[in-house]
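Written below as structure tokens is the structure these notes are about.
There are 2 protein chains.
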Amino acid sequence: MQYPLPIAHLIDAYMKLPGIGEKTATRLAFYTMDMPQEDVEDFSKALIQVKKDIHQCPICGNITEKDICDICSNPNRDQTTIMVVEQPKDVMAFEDMGEYSGLYHVLHGVLSPMDGIGPEEINIKSLITRLQKHDEVKEVILALNSTPEGESTAMYISKLIKPAGIKVTRLAAGLSVGSDIEYANSITLKRAVQGRTTL
Amino acid sequence: MQYPLPIAHLIDAYMKLPGIGEKTATRLAFYTMDMPQEDVEDFSKALIQVKKDIHQCPICGNITEKDICDICSNPNRDQTTIMVVEQPKDVMAFEDMGEYSGLYHVLHGVLSPMDGIGPEEINIKSLITRLQKHDEVKEVILALNSTPEGESTAMYISKLIKPAGIKVTRLAAGLSVGSDIEYANSITLKRAVQGRTTL
């Protein structure tokens, strides 16, 4: 038996979300029917608003609902350091940490030739233009994920920037705080030994 | 750091769905930003449509987008049998089975005094009225879940209907097809023995 059309449509819509299969989508659709009218209207509007009002900051590529994002437009941020990250969520993570006061540059991805993602597909060009325009930048921190793609993107950007005499750093690799040596993989252990510090 | 407002709103909206916590809601909100404009618009509309167009059939209480549901308005269905179920999803399950050609009555819940759900909160009154109006009904099948609430709701309805001389039945209880006796609980085994059939 077919579900009534409006329900079938909503099930299809939920199924387009990641990690939601037919069973969960059906459960969510039935739940939606019983939700207060107001909540469903808010939900419906929030979906449209997020597409309409959120765009990339023209300077750093982070997501914002303003012309220029809060970080780029804040004169109190350290204008000499730019941290390059993969995703807007990484900016949130570093801001929550509260120790970093410089600027960011969000790539929106990493180089992955296998998936057809080359330098043109991510925000690398805008980073180079930005460094050319603002010669007060003294350091670029490559805060990319410790994946093969993250590492090779870091190498690629490093090679582009270094000739300009800008300091390029990357995050320390090593044991996670609170983790067991027993369960660490050998590459992590190798990095931890290489990067050992004196007490 | 706060997310831009439109994203924060969408995260809140996703969090109102069952089984979706803050992490998943955030992942879904970021995913939504990258979805095609058209898909997001469809999703937004589907939410509103399901609230607007879906209502309960005034006869059986099943969900439908029509004035009277497809089953109640089908003269080829067996008008002498009504199957009482808890939820619209149960109707779908029995229709998918394909062996039942009678009518349905959807309670939209079960009696549960602990949660403040009495006979007035579920579609019991409309069932009684329906039986009084249509004396061609010869059998009411109580297809409620095998839970304490389901069982007591079945008992309650049975007591209301039986005096009118209508046959009241309930689904057979026993081992699930394909299941192991070893893992069946003792109440299921007791029911399976009580309801044994000759070969």
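Just so you know, the sequences run in chain order A and B. Quick note on numbering: the UniProt record's numbering labels position 173 of the first sequence as 173, and the sequence is numbered without any gaps. Quick note on numbering: the UniProt record's numbering labels position 111 of the second sequence as 111, and the sequence is numbered without any gaps. For every residue, glycine included, the Cβ atom is placed at its ideal position computed from N, Cα and C. Keep in mind that this is a model prediction, so the values were computed, not measured.
Taking only heavy atoms of the ligand ATP into account, decide whether any of them is closer than 7 Å to the Cβ of Thr64(B). Of the ligands one can find in the structure shown there are none, so the ligand ATP has no counterpart to examine.
Going by beta-carbon coordinates alone, are Gln79(A) and Glu136(A) separated by less than 8 Å? To locate residue 79(A), count along the first sequence from 1; it is residue 79. To locate residue 136(A), count along the first sequence from 1; it is residue 136. Contact flag set, yes.
Is the Cβ of Ala143(B) closer than 8 Å to any Cβ of chain A? The count along the second sequence starts at 1 and reaches residue 143(B) at position 143. No, Ala143(B) does not count as interfacial toward chain A.
Just how far apart, CA to CA, sit Val168(B) and Val85(B)? If you number the second sequence from 1, residue 168(B) lands on position 168. If you number the second sequence from 1, residue 85(B) lands on position 85. Roughly 13 Å separates the two Cα atoms.
In the DSSP assignment, find the beta strand (DSSP E) that holds Asp78(B) and state where it starts and stops. Taking the first residue of the second sequence as 1, we reach residue 78(B) at position 78. Where Asp78(B) is concerned, the enclosing beta strand (DSSP E) stretches over 78-85.
If I follow the unbroken beta strand (DSSP E) through Lys167(B), where does it start and stop? In the second sequence, counting from the first residue as 1, residue 167(B) sits at position 167. 167-170 is the extent of the beta strand (DSSP E) around Lys167(B).
Please tell me whether Ile54(B) and Pro36(A) are closer than 8 Å, where the distance is taken between their beta carbons. By one-based count along the second sequence, residue 54(B) stands at place 54. By one-based count along the first sequence, residue 36(A) stands at place 36. Not a contact, by the Cβ cut-off of 8 Å.
Buried or exposed: which applies to Leu164(A), given that a residue is buried once 16 or more other Cβ atoms fall within 10 Å of its Cβ? Sequence index remark: in the first sequence, residue 164(A) carries index 164 (1-based). Note that residue 164(A) is Ala in the sequence shown, not Leu. Per the 10 Å Cβ criterion, exposed.
Quick check: Leu160(A) and Ile128(A), are their CB atoms within less than 8 Å of each other? Taking the first residue of the first sequence as position 1, residue 160(A) is located at position 160. Taking the first residue of the first sequence as position 1, residue 128(A) is located at position 128. Yes, these two residues count as a Cβ contact at 8 Å.
By a C-beta neighbour count over all protein chains shown, 10 Å radius and 16 as the cutoff for buried, is Met83(A) buried or exposed? Taking the first residue of the first sequence as position 1, residue 83(A) is located at position 83. It is buried - the Cβ of Met83(A) has at least 16 other Cβ atoms within 10 Å.
I want to verify the contact list: residues of chain B whose CB lies under 8 Å from the CB of Met33(A), in sequence order. As a working note, residue 33(A) is residue 33 in the first sequence. Per Cβ cutoff of 8 Å: Val50, Lys51, Ile54, Ile63.
Using a Cβ-Cβ distance under 8 Å, would His134(A) count as near chain B? Here residue 134(A) refers to the residue found at position 134 when the first sequence is read from its first residue. It does not: the Cβ of His134(A) has no partner Cβ on chain B nearer than 8 Å.
Select from Ile7(B), Ile68(B), Arg27(B), Gln87(B) the residue whose C-alpha is nearest the C-alpha of Ile48(A). By 1-based counting over the first sequence, the position of residue 48(A) is 48. Ranked by how close their Cα comes to the Cα of Ile48(A), the residues Ile7(B), Ile68(B), Arg27(B), Gln87(B) have Ile7(B) in first place.
C-alpha gap between Gln87(B) and Ser112(A), whole angstroms: Residue numbering aside, residue 87(B) sits at position 87 when the second sequence is read from its first letter. Residue numbering aside, residue 112(A) sits at position 112 when the first sequence is read from its first letter. Computed Cα separation, rounded: 48 Å.
Extent of the continuous alpha helix (DSSP H) to which Tyr14(A) belongs: Position 14 of the first sequence, counting from 1, holds the residue named residue 14(A). Unbroken alpha helix (DSSP H) run through Tyr14(A): 5-15.
Secondary structure of Gly116(B), DSSP reduced to three states: On the second sequence, position 116 is the one that residue 116(B) refers to. DSSP places Gly116(B) in coil when its eight states are reduced to three.
From the DSSP output, in three-state form, read off Leu107(B) for me. Numbered from its first residue, the second sequence carries residue 107(B) at position 107. DSSP places Leu107(B) in coil when its eight states are reduced to three.
Does Pro4(B) come within less than 8 Å of chain A when only Cβ atoms are used? On the second sequence, position 4 is the one that residue 4(B) refers to. Cβ-Cβ to chain A under 8 Å: yes for Pro4(B).
Would you verify that the beta carbon of Val84(A) is, or is not, closer than 8 Å to some beta carbon of chain B? Along the first sequence, read from residue 1 onward, the residue named residue 84(A) stands at position 84. Chain B contact via Cβ: absent.
What is the DSSP secondary structure of Ile63(B), counted as helix, strand or coil? By one-based count along the second sequence, residue 63(B) stands at place 63. DSSP places Ile63(B) in strand when its eight states are reduced to three.
Tell me the residue span of the beta strand (DSSP E) that contains Leu142(B). The residue given as residue 142(B) occupies position 142 in the second sequence. Run containing Leu142(B): 139-142, per the beta strand (DSSP E) assignment.
Comparing alpha-carbon positions, which option in Asp39(B), Met155(B), Asp34(B) lies nearest Ile11(A)? Translated into the one-based positions of the first sequence, residue 11(A) becomes position 11. Of Asp39(B), Met155(B), Asp34(B), the residue nearest in Cα terms is Asp39(B).
Start-end ranges of the alpha helix (DSSP H) lying completely within the stretch 15-65 of chain A, minimum 4 residues: 22-34, 37-53
Within 8 Å of any Cβ in chain A, is that where the Cβ of Ile7(B) sits? Indexing the second sequence from 1 puts residue 7(B) at position 7. At least one chain A Cβ lies under 8 Å of Ile7(B).
Please list, in chain order, all residues of the same chain as Thr24(B) whose beta carbon is under 8 Å from its beta carbon, the five residues on each side excluded. Here residue 24(B) refers to the residue found at position 24 when the second sequence is read from its first residue. Excluding positions up to five away in sequence, the list reads Tyr14.
Which value, in whole angstroms, describes the spacing of the CA atoms of Val193(A) and Ala172(A)? Taking the first residue of the first sequence as 1, we reach residue 193(A) at position 193. Taking the first residue of the first sequence as 1, we reach residue 172(A) at position 172. Val193(A) and Ala172(A): Cα-Cα distance of roughly 12 Å.
Contact defined as beta carbons within less than 8 Å: I believe Val91(A) pairs with Met33(B). What is the distance between those atoms, to the nearest angstrom? Position 91 of the first sequence holds residue 91(A). Position 33 of the second sequence holds residue 33(B). Not quite, the Cβ-Cβ distance comes to about 14 Å (not below 8 Å), so this is no contact.
At the level of alpha carbons, what is the spacing between Asn185(A) and Gly21(A)? Taking the first sequence and counting its residues from 1, one reaches residue 185(A) at position 185. Taking the first sequence and counting its residues from 1, one reaches residue 21(A) at position 21. Going by the C-alpha atoms only, they are around 33 Å apart.
Whole-Å CB distance - Gln170(B) paired with Leu189(B), under 8 Å assumed: As a first step, residue 170(B) must be located in the second sequence, where it is residue number 170. As a first step, residue 189(B) must be located in the second sequence, where it is residue number 189. What sits at residue 170(B) in the sequence shown is Arg, not Gln. Contact doesn't hold; Cβ gap of about 18 Å is too wide.
At a Cβ cut of 8 Å, what residues of the stretch 37-49 of chain B count as close to chain A, listed as they run along the chain? Gln37, Asp39, Val40, Glu41, Asp42, Phe43, Ser44, Lys45, Ala46, Leu47, Ile48, Gln49
Tell me which residue opens and which closes the alpha helix (DSSP H) that Pro75(B) is part of. Looking up residue 75(B) in the second sequence gives position 75. From DSSP, Pro75(B) is part of no alpha helix (DSSP H); its letter is neither H nor E.
Interface partners of Ala29(A) on chain B, CB under 9 Å: Here residue 29(A) corresponds to residue number 29 of the first sequence, with the count starting at 1. Within 9 Å Cβ-Cβ: Ala46, Val50.
At a Cβ threshold of 8 Å, is Lys16(A) touching chain B? Stepping through the first sequence from its first residue, residue 16(A) is reached at position 16. Closer than 8 Å to some Cβ of chain B, the Cβ of Lys16(A) qualifies, so yes.
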